[in-house]
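Asks: In the working numbering, the protein residues as written are 94 to 145.
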Ligand SMILES: [Zn+2]
């Protein structure tokens, strides 16, 4: 079960500016804010309900 918890903690996020989708662990964090390579800090969680 511990392995499943780790997967649930890994949110997939979509940049609100350029629309790229990335897992949060692959998104650069600057001062505690996720920062897309396009410079946006606005991300929308995609898999909160784990539909896939
Ligand atoms: Zn972006």
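Where a beta carbon is used, it is the ideal one built from N, C-alpha and C, also for glycine.
Tell me the DSSP secondary structure of residue 127 in three-state form.
Replies: strand
Asks: Which class does residue 119 belong to by DSSP, given the choice of helix, strand or coil?
Replies: Here residue 119 sits in helix by DSSP.
Asks: Give the range of the beta strand (DSSP E) segment to which residue 108 is assigned.
Replies: 105-108
Asks: Spatial neighbours of residue 134 within its chain, please: C-beta separation below 7 Å, excluding the five flanking residues on both sides.
Replies: Excluding residues within five positions, the ones whose Cβ falls inside 7 Å are 126, 127 and 128.
Asks: Pull the bridge partners of residue 137 from the DSSP assignment, please.
Replies: 107
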